[in-house]
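Asks:
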Amino acid sequence: MAKFDANSTLKRLQNRYRLVIMNDDTYEEVVTFKLSRLSVYVFLSTVFVLLTGLTVALIVFTPLKLYIPGYGDVNNTKELRELKMRTDSLEQEMRYRDQYFQSLKSVLQGNTSVKTDTTSLTIPKPEKIND
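Residue numbers (our numbering): 33 to 163.
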């Protein structure tokens with residue numbers, strides 16, 4: 033099994049390389065870079081962090097956040113909740129009104145029996161409370 037050597041790994045990261053960009057027609061050096069593996073890793077990591085930060089800032093500070101599911105405006109969420117409660121209460125009132133109209137219709141058509149004598153009513157007996 034190969035033994036891990038920290039010194040050789042660190043030296044490999046610090047070895048310097050030359051990146052030369054040349055003109056293909058004249059073989060003239062256009063740009064020369066002296067790089068090491070460590071500097072390339074640092075550069076790529078920095079670019080990644082900057083791009084991630086810019087993306088997050090773009091989403092948080094612009095209206096793009098409204099297109100993300102679950103990331104709505106607080107005022108819109110509150111208004112939606114109030115409208116839902118109002119709709120539920122209106123539906124309940126409509127059911128009560130329909131029930132009232134059905135009862136009124138059946139009374140006007142004579143389909144119900146009306147108790148006119150109060151002696152036939154059964155009054156519940158109060159429960160005794162034992163202390």
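Even glycine gets a Cβ: it sits at the ideal position worked out from N, Cα and C.
What residue does the beta strand (DSSP E) around Thr64 start on, and which one ends it?
Replies: Note, Thr64: beta strand (DSSP E), Glu61 to Ser68.
Asks: Jot down the residue ranges of each uninterrupted alpha helix (DSSP H) in the region 52-119, minimum 4 residues, whole runs only, in chain order.
Replies: With a minimum length of 4 residues, the continuous alpha helix (DSSP H) runs that stay inside the region 52-119 are 69-92.
Asks: What is the C-beta distance between Pro67 and Leu51, in whole angstroms, given that I count them as a contact (C-beta under 8 Å)?
Replies: The sequence given here has Leu at residue 67, not Pro. That pair is a contact at about 6 Å.
Asks: One question on the structure: do Asp105 and Leu98 come within less than 8 Å of each other, judged by their Cβ atoms?
Replies: Taking 8 Å as the Cβ cut-off, Asp105 and Leu98 qualify as a contacting pair.
Asks: Does the distance from the CB of Leu90 to the CB of Leu70 come in under 8 Å?
Replies: Against a cut-off of 8 Å, the Cβ pair of Leu70 and Leu90 comes out as no contact.
Asks: Assuming the contact rule is C-beta atoms closer than 8 Å, Val62 and Asn55 should be a hit. Round their C-beta distance to whole Å, please.
Replies: Yes, they are in contact, since the Cβ atoms of Val62 and Asn55 sit about 6 Å apart, within 8 Å.
Asks: Can you pull the DSSP bridge partners for Arg48?
Replies: Answer is Ser68.
Asks: Measuring CA to CA, which of Ile53, Val79, Gly102 and Thr58 is closest to Lys65?
Replies: This sequence places Phe at residue 65; Lys is not what is there. If we check each option's Cα against that of Phe65, Ile53 comes out closest.
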